[in-house]
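To start, the structure under review is shown below, and the notes come after it.
Protein chains: 2
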Amino acid sequence: MKRSERLVAMTHFILDRPRELISLPFFSEKYDAAKSSISEDLGIINKMFQHEGIGYLESVSGASGGVKYIPAFSKEYSEEFVHQLCRRLEDPERLLPGGYLFMSDILGDPEATRSIGRLFASAFRDRDIDAIITVATKGIPLAYAVASYLNVPVVIARRDPKVTEGSTLSINYVSGSTRKIQTMVLTKRSLKEGSKVCIIDDFMKAGGTISGMKNLLHEFNAEVVGIGVLAEAEDEDEERVVDDYISLVQILNADDRKGSIEVIPGNLLNYL
Amino acid sequence: MKRSERLVAMTHFILDRPRELISLPFFSEKYDAAKSSISEDLGIINKMFQHEGIGYLESVSGASGGVKYIPAFSKEYSEEFVHQLCRRLEDPERLLPGGYLFMSDILGDPEATRSIGRLFASAFRDRDIDAIITVATKGIPLAYAVASYLNVPVVIARRDPKVTEGSTLSINYVSGSTRKIQTMVLTKRSLKEGSKVCIIDDFMKAGGTISGMKNLLHEFNAEVVGIGVLAEAEDEDEERVVDDYISLVQILNADDRKGSIEVIPGNLLNYL
Chain A
1 MKRSERLVAM
11 THFILDRPRE
21 LISLPFFSEK
31 YDAAKSSISE
41 DLGIINKMFQ
51 HEGIGYLESV
61 SGASGGVKYI
71 PAFSKEYSEE
81 FVHQLCRRLE
91 DPERLLPGGY
101 LFMSDILGDP
111 EATRSIGRLF
121 ASAFRDRDID
131 AIITVATKGI
141 PLAYAVASYL
151 NVPVVIARRD
161 PKVTEGSTLS
171 INYVSGSTRK
181 IQTMVLTKRS
191 LKEGSKVCII
201 DDFMKAGGTI
211 SGMKNLLHEF
221 NAEVVGIGVL
231 AEAEDEDEER
241 VVDDYISLVQ
251 ILNADDRKGS
261 IEVIPGNLLN
271 YL
Chain B
1 MKRSERLVAM
11 THFILDRPRE
21 LISLPFFSEK
31 YDAAKSSISE
41 DLGIINKMFQ
51 HEGIGYLESV
61 SGASGGVKYI
71 PAFSKEYSEE
81 FVHQLCRRLE
91 DPERLLPGGY
101 LFMSDILGDP
111 EATRSIGRLF
121 ASAFRDRDID
131 AIITVATKGI
141 PLAYAVASYL
151 NVPVVIARRD
161 PKVTEGSTLS
171 INYVSGSTRK
181 IQTMVLTKRS
191 LKEGSKVCII
201 DDFMKAGGTI
211 SGMKNLLHEF
221 NAEVVGIGVL
231 AEAEDEDEER
241 VVDDYISLVQ
251 ILNADDRKGS
261 IEVIPGNLLN
271 YL
């Protein structure tokens, strides 16, 4: 195989396996090339990934060493993406009663969710994460997008137990905005005890749902190592019950009667 | 930029944009290279994608021509993947009351869902699809995986309307297995009238849920151009109400009392 051909194959192989340690001897055998050639190839790939702003190859030295592809958007690309998203969301047509925002078109767009996932994965890249958790329904695509770049499984909490999932653990929590008592359940065998978990959701107002997920994780003796929300909005009546989180955008002054809304970047850009 | 560097950048660019037409002049300008060089590069990439069994570049000729990356797993890889999945599912520990199977670990694994998505995208590659639809919750990751390889949006029907989504259209349907009347809703602005839609779900027994989605799509004047389910299972009591579908695996003789189960490949492999 020529170098040019090998580079195409290796680029695909590496992109498909983020954060997975791949050894030089493995590549050397797979593509029937000398370790020195593979090493040069990896240098070219690393250089170009950085040039394209999609991350870098991390070298792990030692006998069991190799490289890991760490997906990370460049700050420049990230800023552009977040500002575009703000403009896209800042459309009075999106306003729904209660200060909510219609975002299903963005959440339904695989390219947008992939980019959002890569941004969160960039922000969380130095944290030790075993799994992503979200609660059904709208956070699910984001949770998968983040998980696929961090290369960890997703667990999905539900608001109702389902017969087809086996035994579950359930908690009650108070919804921050409506002050109603709600239930959240998680299938027992979906999460190992002691896991380090990152919470992902699409929207946070007072933070009741995220606080519910934190309580649920506490029951599983799991540790919350990160919280990421696509959009955070103010809640006039309630103080927020969650404070340590990363948000992509912040919704200000949403008023469906006046038809006014302002969307600004959240704190995610500070983590890149 | 050297050819070796350009090949890494182009491989990533193309993989990130399945089924999107990219013109030669675009590449030529982006990478500051002659069209003849770009053309050779695309030849190498096409050859290697086929060699790696991940699809091919389709050439579109004419003034607005260029190339499109069509993701398609090779038959060899697909067979291996499906057989492995059967063995993984054929574990009596997965049996749940009512002949259901615990699959949340597989659905929660982004690598497995991506591969399943690529398999369905391969099977549906020649159909004209505008959007993927699924019903919350467990089919969602599969729907996104298929959608990301077909490069189309996902719309999610729910069993309960949600205040944060705007006006919805709802239908009642009869669950095939339990014979209960159920409701399914879809936000009005989530799907354009006349769309060509592919239905994706994780599990099908009598087919009531899928039949419900078909009725819902009918209300949107949408056309069902494909149906894909991860696992189909027999229903002793009911005749299946859906017939034209593609399944990845087929569950036979699931009996949680005897602890017996058999899982064999579905009909998807015939479509590759």
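Residue numbers (UniProt numbering), protein chains in the order written: chain A, 1 to 272; chain B, 1 to 272.
Just so you know, even glycine gets a beta-carbon here, dropped at the ideal spot from N, CA and C.
Just so you know, these numbers come straight off a predicted model, no measurement behind them.
Does the distance from the CB of residue i to the CB of residue j come in under 8 Å?
{"i": "alanine 157 of chain A", "j": "valine 174 of chain A", "result": "no"}
{"i": "aspartate 109 of chain A", "j": "valine 225 of chain A", "result": "no"}
{"i": "serine 260 of chain B", "j": "proline 92 of chain B", "result": "yes"}
{"i": "leucine 85 of chain A", "j": "leucine 269 of chain A", "result": "no"}
{"i": "glycine 208 of chain B", "j": "valine 241 of chain B", "result": "yes"}
{"i": "valine 8 of chain B", "j": "isoleucine 45 of chain A", "result": "yes"}
{"i": "leucine 272 of chain A", "j": "aspartate 202 of chain A", "result": "no"}
{"i": "isoleucine 227 of chain A", "j": "aspartate 255 of chain A", "result": "no"}
{"i": "residue 300 of chain B", "j": "threonine 183 of chain B", "result": "A query on residue 300 of chain B cannot be resolved here, the shown segment of chain B reaching from 1 to 272 and no further."}
{"i": "alanine 231 of chain A", "j": "glycine 194 of chain A", "result": "no"}
{"i": "lysine 188 of chain B", "j": "glycine 166 of chain B", "result": "yes"}
{"i": "alanine 145 of chain B", "j": "arginine 114 of chain B", "result": "yes"}
{"i": "valine 60 of chain B", "j": "leucine 21 of chain B", "result": "yes"}
{"i": "glutamate 76 of chain A", "j": "glycine 53 of chain A", "result": "yes"}
{"i": "asparagine 215 of chain B", "j": "isoleucine 246 of chain B", "result": "no"}
{"i": "leucine 89 of chain A", "j": "lysine 138 of chain A", "result": "no"}
{"i": "isoleucine 70 of chain A", "j": "arginine 125 of chain A", "result": "yes"}
{"i": "isoleucine 140 of chain A", "j": "isoleucine 140 of chain B", "result": "yes"}
Quick one: which chain A residues come within Cβ less than 7 Å of residue i?
{"i": "threonine 11 of chain B", "result": "Val8, Thr11, His12"}
{"i": "leucine 15 of chain B", "result": "His12, Leu15"}
{"i": "glutamate 52 of chain B", "result": "Ala9, His12"}
{"i": "isoleucine 44 of chain B", "result": "Ser4, Glu5, Val8"}
{"i": "leucine 119 of chain B", "result": "Here the premise fails: no neighbours, minimum Cβ distance about 15 Å."}
{"i": "threonine 183 of chain B", "result": "By Cβ distance, chain A contributes nothing, its closest Cβ being about 14 Å from threonine 183 of chain B, past 7 Å."}
{"i": "tyrosine 31 of chain B", "result": "None at all; the shortest Cβ gap to chain A is about 11 Å."}
Looking at the unbroken beta strand (DSSP E) that takes in residue i, where does it start and where does it end?
{"i": "aspartate 66 of chain A", "result": "According to the sequence displayed, residue 66 of chain A carries glycine and not aspartate. Start and end: 66 to 71."}
{"i": "glycine 226 of chain B", "result": "223 to 233"}
{"i": "threonine 187 of chain B", "result": "181 to 187"}
{"i": "glycine 55 of chain B", "result": "55 to 60"}
{"i": "isoleucine 200 of chain A", "result": "196 to 204"}
{"i": "valine 249 of chain B", "result": "246 to 255"}
{"i": "alanine 157 of chain B", "result": "154 to 157"}
For the alpha helix (DSSP H) containing residue i, name the first residue and the last one.
{"i": "tyrosine 144 of chain A", "result": "140 to 150"}
{"i": "glutamate 262 of chain B", "result": "Taken as a continuous stretch (DSSP letters only), glutamate 262 of chain B belongs to no alpha helix (DSSP H), being part of the beta strand (DSSP E) at 260 to 265."}
{"i": "glutamate 5 of chain A", "result": "3 to 15"}
{"i": "isoleucine 169 of chain A", "result": "Note that residue 169 of chain A is leucine in the sequence shown here, rather than isoleucine. From DSSP, leucine 169 of chain A is part of no alpha helix (DSSP H) but of the beta strand (DSSP E) over 168 to 174."}
{"i": "aspartate 41 of chain A", "result": "35 to 52"}
{"i": "asparagine 270 of chain B", "result": "That residue, asparagine 270 of chain B, is in no alpha helix (DSSP H); it is neither H nor E in DSSP."}
{"i": "arginine 21 of chain A", "result": "At residue 21 of chain A the sequence reads leucine, which differs from the arginine that was named. Here leucine 21 of chain A belongs to no alpha helix (DSSP H), and DSSP marks it neither H nor E."}
{"i": "serine 211 of chain B", "result": "208 to 219"}
Using the beta-carbon of each residue, which ones in chain A are nearer than 8 Å to residue i?
{"i": "phenylalanine 27 of chain B", "result": "Per Cβ cutoff of 8 Å: no residues; phenylalanine 27 of chain B is ~14 Å from chain A at best."}
{"i": "serine 190 of chain B", "result": "Ser104, Asp105, Gly108"}
Anything in chain B within Cβ reach of residue i, meaning under 9 Å, just list it in chain order.
{"i": "serine 247 of chain A", "result": "The premise fails here: serine 247 of chain A is roughly 17 Å from chain B at the closest Cβ pair, so nothing lies under 9 Å."}
{"i": "threonine 137 of chain A", "result": "Ala136, Thr137, Ile140, Ile156, Arg158, Lys162"}
{"i": "tyrosine 173 of chain A", "result": "Here the premise fails: no neighbours, minimum Cβ distance about 18 Å."}
{"i": "threonine 209 of chain A", "result": "Neighbours of threonine 209 of chain A on chain B: none; closest Cβ ~12 Å, over 9 Å."}
Find the nearest neighbour of residue i within the set the options, judged by alpha-carbon distance.
{"i": "glutamate 79 of chain B", "options": "B:Ser64, B:Leu119, B:Ser190, B:Phe102", "result": "B:Leu119"}
{"i": "leucine 24 of chain A", "options": "A:Tyr149, A:Glu58, A:Ala131, A:Pro71", "result": "A:Glu58"}
{"i": "arginine 3 of chain A", "options": "A:Ile14, A:Ser37, A:Ile22, A:Ser74", "result": "A:Ser37"}
{"i": "valine 67 of chain B", "options": "B:Ile106, B:Phe13, B:Tyr100", "result": "B:Phe13"}
{"i": "glutamate 234 of chain A", "options": "A:Val82, A:Asn253, A:Met10, A:Leu217", "result": "A:Asn253"}
{"i": "alanine 33 of chain A", "options": "A:Gly43, A:Arg6, A:Tyr56", "result": "A:Arg6"}
{"i": "tyrosine 149 of chain B", "options": "B:Lys205, B:Gly99, B:Ile181, B:Tyr56", "result": "B:Tyr56"}
{"i": "aspartate 198 of chain B", "options": "B:Ala131, B:Gly65, B:Glu262", "result": "The residue you asked about is not aspartate; residue 198 of chain B is cysteine in the sequence shown. Among B:Ala131, B:Gly65, B:Glu262, the Cα nearest to that of cysteine 198 of chain B belongs to B:Ala131."}
{"i": "serine 74 of chain B", "options": "B:Lys192, B:Glu111, B:Met48", "result": "B:Met48"}
{"i": "valine 229 of chain B", "options": "B:Asp105, B:Ser64, B:Lys205", "result": "B:Lys205"}
{"i": "phenylalanine 220 of chain A", "options": "A:Pro161, A:Arg125, A:Val155", "result": "A:Val155"}
{"i": "glutamate 40 of chain B", "options": "B:Phe27, B:Arg257, B:Glu52", "result": "B:Phe27"}
{"i": "arginine 19 of chain A", "options": "A:Tyr31, A:Ala72, A:Ala63", "result": "A:Ala72"}
{"i": "aspartate 237 of chain B", "options": "B:Thr11, B:Gly99, B:Val263, B:Glu262", "result": "B:Gly99"}
{"i": "glutamine 250 of chain A", "options": "A:Leu217, A:Val82, A:Ser170", "result": "A:Val82"}
{"i": "tyrosine 121 of chain A", "options": "A:Ala112, A:Leu101, A:Asn151", "result": "Checking the displayed sequence, the identity of residue 121 of chain A turns out to be alanine instead of tyrosine. Nearest C-alpha to alanine 121 of chain A: A:Asn151."}
{"i": "alanine 147 of chain B", "options": "B:Arg257, B:Gly117, B:Met1", "result": "B:Gly117"}
Along chain A, which residues have their Cβ under 9 Å away from the Cβ of residue i?
{"i": "isoleucine 47 of chain B", "result": "Rather than isoleucine, the amino acid found at residue 47 of chain B in this sequence is lysine. The contacting residues are Glu5, Val8."}
Are any of the Cβ atoms in chain D nearer than 8 Å to that of residue i?
{"i": "aspartate 201 of chain A", "result": "No chain D is present in this structure, whose protein chains are A and B."}
Give the interface partners of residue i over in chain B, defined as CB-CB distance under 8 Å, in chain order.
{"i": "alanine 147 of chain A", "result": "Pro110"}
{"i": "glycine 166 of chain A", "result": "Leu96, Phe102"}
{"i": "proline 153 of chain A", "result": "Asp105, Gly108, Asp109, Pro110"}
List, in chain order, every chain B residue whose beta-carbon is nearer than 7 Å to that of residue i.
{"i": "tyrosine 56 of chain A", "result": "Within 7 Å Cβ-Cβ: nothing; tyrosine 56 of chain A doesn't reach chain B, min ~13 Å."}
{"i": "arginine 114 of chain A", "result": "Ser148"}
- Query: Can you list the alpha helix (DSSP H) stretches of 4 or more residues lying completely in the stretch 90 to 139 of chain A, in chain order?
  - Reply: Taking only runs of at least 4 residues, the alpha helix (DSSP H) segments lying wholly in the stretch 90 to 139 of chain A are 104 to 107, 110 to 123.
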